[in-house]
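Chemist:
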Amino acid sequence: MPEQKRYPAKPNKAYFFATCLVDLLYPEAGLAGMQLIRREGVEVIFPQDQTCCGQPAWNSGYRDEARMVALRQLACFAEDYPVVVPSGSCAGMMRHHYPEMLRGHADESDIEAFCSRVYELTEFLVHVLQIELKDLGEPVKVALHTSCSARREMGVADEHEVLLKQLSKVELLEQARKEECCGFGGTFAIKQPALSAEMVSDKANAIIETGADLLVSGDCGCLMNLGGHLDYRESSIESRHIASFVWERTHATER
Amino acid sequence: MQRNADFHTRTEEALANAQLKASLRSAMDGLMASRKACFPDADAFERLRLRGAQIRVNALSKLPQLLELLERNCTRNGIRVHWAESVDEANETVLGIMREHQAALLIKGKSMVSEEMDLNRFLESHGIECLESDLGEYILQLAGEPPSHIVAPAIHKTRQDIAKLFKQKFPDIPYSEDVDTLTRNARGILRKKFHAASVGLSGVNFAVAESGTLCLVENEGNGRMCTTVPPVHIAVTGIEKVVEKLEHIPPLLKLLTRSATGQRITTYFNMISSPRKTGEKDGPKEVHLILLDNGRSRIYEDEELVNTLRCIRCGACMNHCPIYTRIGGHAYGTTIPGPIGSVLEPQKAGLKSLGELPVASTLCGACAEVCPVRIPIPRLLNRLRFERIRNDHVGTTRGQGSSRTFNEAIAWKAWSWLHRNPVGYRLAMTLVTRLRNILPLGIGPWTQARKAPRIAAKTLHQRAREEGFNDQ
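Chains W and C supply the protein sequences, listed in that same order. If you read the first sequence in my numbering, its first letter stands for residue 230, the second for the next number, and so on. If you read the second sequence in my numbering, its first letter stands for residue 25, the second for the next number, and so on.
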């Protein structure tokens with residue numbers, strides 16, 4: 230059966246786990262995510278000792294190396310607050326893979342408790358904060374790419390759409406084969422360059438065919454891949470993390 | 025033995041073949057759509073596949089006992105059971121039966137295990153002709169190619185390819201690109217052969233232990249012909265195909281045909297439980313069952329990797345795989361291609377020769393989402409990625425540690441050290457942001473198809489502090 234999700238009431242405090250890609254390449258997306266949560270009256274805590282969820286090493290087979298990094302993250306989020314992650318992929322790692330990864334290496338009930346309070350950003354905004362957005366932006370046509378882990382591991386594809394559909398001047402355009410992977414896959418893009426290039430090119434074609442002005446995604450890995458490819462082709466389509474996009478369109482003082 | 029480099033070469037060849045790409049794309053789109061139409065209710069599908077998974081897990085959990093029970097019940101029914109630890113033993117058994125009957129022609133229904141055995145080549149080297157009677161397999165036999173898909177073996181070929189092939193092999197038959205005409209022509213050629221062959225061979229979809237019944241799923245009727253017309257029928261199967269009870273068949277069959285081709289039921293479903301009995305007017309006089317191990321027992325020993333053996337060979341993981349869809353089955357260079365092939369074949373052949381396959385995946389999870397018996401394929405791929413580099417010599421997987429390189433291992437150790445030392449990490453990232461205008465990022469393969477990502481002027485760690493987000 231699909232996981233029956235239960236969401237807690239709005240908390241007073243929430244942790245934010247940025248992810249390593251956001252930290253170095255897309256800090257504005259992380260900041261936007263934190264500002265969206267803070268605007269809803271929740272205090273956001275950003276533990277400065279956080280680094281990476283460990284997924285790159287885990288998916289490359291370097292399990293001990295990944296595990297040690299994961300254990301270090303657990304220590305950053307000790308209090309019983311929700312841990313919000315602006316990535317389906319890293320959230321999926323922490324929520325669904327940590328139990329297997331850390332079995333026997335930490336107190337199992339601690340791990341379970343931690344994993345069960347990991348939320349992907351859009352699901353947190355939609356279900357826990359029950360956010361209501363007021364669109365202040367100009368009309369725009371948007372294509373959404375939902376990462377495979379957001380869709381299949383975290384099951385938050387609908388939440389991405391629900392959030393965008395709250396924006397009254399955003400026209401969300403459906404691309405062909407929207408469930409298909411963009412070809413990023415972490416080290417896959419480097420280890421299987423020909424296959425990855427073919428996949429990203431097909432995905433970009435489907436996005437271009439929608440006539441969208443903008444590509445939005447909830448995962449920086451996909452954005453880096455797809456956005457990087459669109460730029461490489463000198464396409465006019467810009468790419469934006471869903472947190473940045475939503476924040477930019479709903480933040481009054483910047484207008 | 026193939027090498028990892030061969031996979032890259034074949035992949036690039038496949039990607040350069042525009043016609044292959046178009047054929048595969050439209051075929052896979054069609055198969056995905058018909059499967060989807062068969063499972064309109066997501067909850068009902070989840071319930072059904074949970075049942076499917078339970079049945080397969082139950083069978084695997086009692087595999088040794090069920091195999092013995094199957095042997096007893098088959099023997100009681102008059103089916104002769106042969107055990108083969110290796111492909112060589114299985115081939116020799118088939119050859120022995122052929123010789124016993126002085127048979128010069130073997131007519132075959134579709135069987136992936138016979139592909140695994142490379143049976144045709146083996147028998148032909150002993151002067152025995154093999155004839156594939158499944159239309160797709162027959163086409164490939166004419167073309168001298170292996171199957172590229174486990175359910176639709178000639179899926180990579182277009183109608184025009186097949187028309188040209190027929191013209192070349194049968195110049196007397198008028199050229200036609202019409203599918204019905206081509207099928208009729210093949211049928212005409214094959215029909216006579218069923219009567220000429222003294223031995224027929226088939227695979228097995230499910231072997232029922234409690235009754236000694238061999239189930240065979242097919243659409244063309246050639247399976248029924250192969251198993252009833254010649255006086256001798258040989259069924260070959262892997263030892264994992266056993267299920268405990270007859271009542272386990274309906275859910276599995278339902279899942280199999282819907283997942284494979286989007287059919288609610290196939291045209292033919294055969295349940296073979298004995299040779300011809302006294303007084304019966306048809307059916308083979310002898311039925312043999314060859315149970316092939318070929319590495320399966322070793323896979324069985326690992327409590328996680330044993331899930332590989334749940335597979336019921338529907339091919340849905342291939343149809344939904346973004347990699348398979350782009351390169352087709354031949355690029356994998358294995359009997360079983362696609363996601364389940366990338367899990368199964370490296371375990372059989374060893375990671376030394378096929379260690380690249382588990383890496384050639386984005387772990388997107390499309391396969392696991394459709395698998396009718398809920399095989400956690402991405403998890404198993406991840407596990408094999410661990411097996412290929414681990415150096416602690418624990419476990420039974422062949423070719424453990426064969427892909428480990430000193431440089432890669434050191435790089436991950438350094439990566440791990442940096443990411444568990446927050447002060448060092450913050451310093452390093454800050455340094456990277458300072459050097460962002462001179463650091464090359466994503467050189468090499470990345471920038472062959474993409475612009476390099478832009479390093480931010482400040483990390484989120486810095487900006488969170490500046491914007492007043494508390495650390496605790």
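Don't be surprised by glycine CBs; every beta carbon is placed ideally from N, CA and C.
Which one of C/P446, C/Q424, C/P464, C/G468 has the shortest CA to CA distance from W/P276?
Modeler: Ranking C/P446, C/Q424, C/P464, C/G468 by Cα distance to W/P276 puts C/P446 first.
Chemist: Hey, does C/R350 have any beta-carbon neighbour from chain W nearer than 8 Å?
Modeler: Chain W, which has a Cβ nearer than 8 Å to the Cβ of C/R350, makes this yes.
Chemist: Who are the near neighbours of C/K309 in its chain, counting only those whose CB is closer than 8 Å to its CB and skipping five residues on each side?
Modeler: For C/K309, where only same-chain residues beyond five positions count, the Cβ hits under 8 Å are P255, V256, P299, R300.
Chemist: To the nearest angstrom, report how far apart C/E491 and C/S385 are at their CA atoms.
Modeler: C-alpha separation (whole angstroms): 39 Å.
Chemist: So what's C/C98 in DSSP terms, helix, strand or just coil?
Modeler: Of the three classes helix, strand and coil, the one that applies to C/C98 here is helix, per DSSP.
Chemist: For the beta strand (DSSP E) containing C/G262, name the first residue and the last one.
Modeler: Unbroken beta strand (DSSP E) run through C/G262: 256-262.
Chemist: Could you give the residue range of the beta strand (DSSP E) that holds C/L463?
Modeler: Note, C/L463: premise wrong, no beta strand (DSSP E); not H, not E.
Chemist: For W/C284 and W/T351, I'd like the C-alpha separation in whole angstroms.
Modeler: Reading off the sequence, residue 284 of chain W comes out as Gln, not Cys. Cα to Cα, the separation comes out at about 21 Å.
Chemist: Per DSSP, what are the beta-bridge partners of W/Y244 in this structure?
Modeler: Partner(s): W/I274, W/V312.
Chemist: Is there a C-beta anywhere in chain W that falls below 8 Å from the one on C/M25?
Modeler: Annotation note: pLDDT 42 at C/M25 (below 50); position unreliable, no value reported.
Chemist: Determine the chain C residues that contact W/Q404 at a beta-carbon separation under 7 Å, and present them in chain order.
Modeler: Within chain C, no residue comes near W/Q404; the closest Cβ sits about 14 Å away, beyond 7 Å.
Chemist: Helix or strand or just coil, what does DSSP make of C/T237?
Modeler: The answer is strand: DSSP assigns C/T237 an E or B state.
Chemist: Compare the C-beta of W/E467 against all C-beta atoms of chain C and say whether one is closer than 8 Å.
Modeler: So, not an interface residue.
Chemist: For the region 388-417 of chain W, which residues have a beta carbon sitting closer than 9 Å to at least one beta carbon of chain C?
Modeler: Against chain C - using a Cβ distance shorter than 9 Å - the residues of the region 388-417 of chain W are R406, E408, E409, C410, C411, G412, F413, G414, G415, T416, F417.
Chemist: Straight-line CA distance for C/N494 to C/A488?
Modeler: Answer to the nearest angstrom: the Cα atoms are 8 Å apart.
Chemist: Below 8 Å on the Cβ atoms is my guess for C/I179 versus C/F190; work out the distance and round it to an integer in Å.
Modeler: In fact, because the Cβ distance is near 17 Å, the residues do not count as touching under 8 Å.
Chemist: Does C/V311 come out as helix, strand or coil in the three-state DSSP assignment?
Modeler: It is a strand residue.
Chemist: Is it true that the CB of C/L315 sits closer than 8 Å to the CB of W/D252?
Modeler: In this structure, C/L315 does not lie closer than 8 Å to W/D252 by Cβ.
Chemist: Tell me the DSSP secondary structure of W/C282 in three-state form.
Modeler: In the structure shown, W/C282 sits in coil (DSSP, three-state: anything other than H, G, I, E or B).
Chemist: Just tell me which of W/Q421, W/A423, W/G414, W/L393 has its CA closest to the CA of W/V222.
Modeler: What the structure shows of chain W is the stretch from 230 to 484, and residue 222 of chain W is not part of that stretch, so it cannot be assessed.
Chemist: Kindly indicate if chain W contains any beta-carbon less than 8 Å away from that of C/G389.
Modeler: By this cut-off, C/G389 is an interface position.
Chemist: I'd like the list of long-range same chain contacts for W/V399, defined as Cβ closer than 7 Å, with 5 residues on each side in sequence excluded.
Modeler: So the qualifying residues of the chain are D364, V369, V371, L393.
Chemist: Does W/P276 get closer than 8 Å to chain C when you measure Cβ to Cβ?
Modeler: Chain C contact via Cβ: present.
Chemist: Cβ closer than 7 Å: which chain C residues qualify as neighbours of W/A426?
Modeler: Within chain C, the residues near W/A426 are Q472, A473.
Chemist: Bridge partners of W/H374, per DSSP?
Modeler: Partner(s): W/S446.
Chemist: Determine the direct distance from the alpha carbon of W/V313 to that of W/A243, and round the result to whole angstroms.
Modeler: Their backbone Cα atoms lie some 7 Å apart in a straight line.
Chemist: Would DSSP call W/E483 helix, strand or coil?
Modeler: Note that W/E483 has pLDDT 46, beneath the 50 cutoff, so the model's placement of it is unreliable and no number is given.
Chemist: If you draw a straight line from the C-alpha of W/T439 to the C-alpha of W/Q404, how long is it?
Modeler: Rounded to the nearest angstrom, the two C-alpha atoms are 6 Å apart.
Chemist: Let's see if you can read the secondary structure: which residues bound the alpha helix (DSSP H) around C/L223?
Modeler: Note that residue 223 of chain C is Val in the sequence shown here, rather than Leu. Run containing C/V223: none in the alpha helix (DSSP H); it sits in the beta strand (DSSP E), 223-226.
Chemist: From W/G456, W/Y310, W/F413, pick the residue whose C-alpha is nearest to that of W/Y236; which is it?
Modeler: Checking every option, the nearest Cα to that of W/Y236 belongs to W/Y310.
Chemist: Using the three-state DSSP reduction, which class does C/V253 fall into: helix, strand or coil?
Modeler: Of the three classes helix, strand and coil, the one that applies to C/V253 here is coil, per DSSP.
Chemist: Find the nearest neighbour of W/D448 within the set W/L459, W/A379, W/L331, judged by alpha-carbon distance.
Modeler: Of the listed residues, the one whose Cα sits closest to W/D448 is W/A379.
Chemist: Is C/R104 helix, strand or coil when you go by DSSP?
Modeler: If DSSP states are grouped into helix, strand and coil, C/R104 belongs with the strands.
Chemist: If you compare alpha carbons, which of C/G133, C/G160, C/K134, C/Q165 is closest to C/E148?
Modeler: Of C/G133, C/G160, C/K134, C/Q165, the residue nearest in Cα terms is C/Q165.
Chemist: Closer than 9 Å, Cβ to any Cβ of chain C: which residues of the region 276-294 of chain W, in chain order?
Modeler: Of all residues in the region 276-294 of chain W, P276, Q277, D278, Q279, T280, C281, G283, P285, A286, W287, N288, S289, G290, Y291, R292, D293, E294 have a Cβ within less than 9 Å of some Cβ in chain C.
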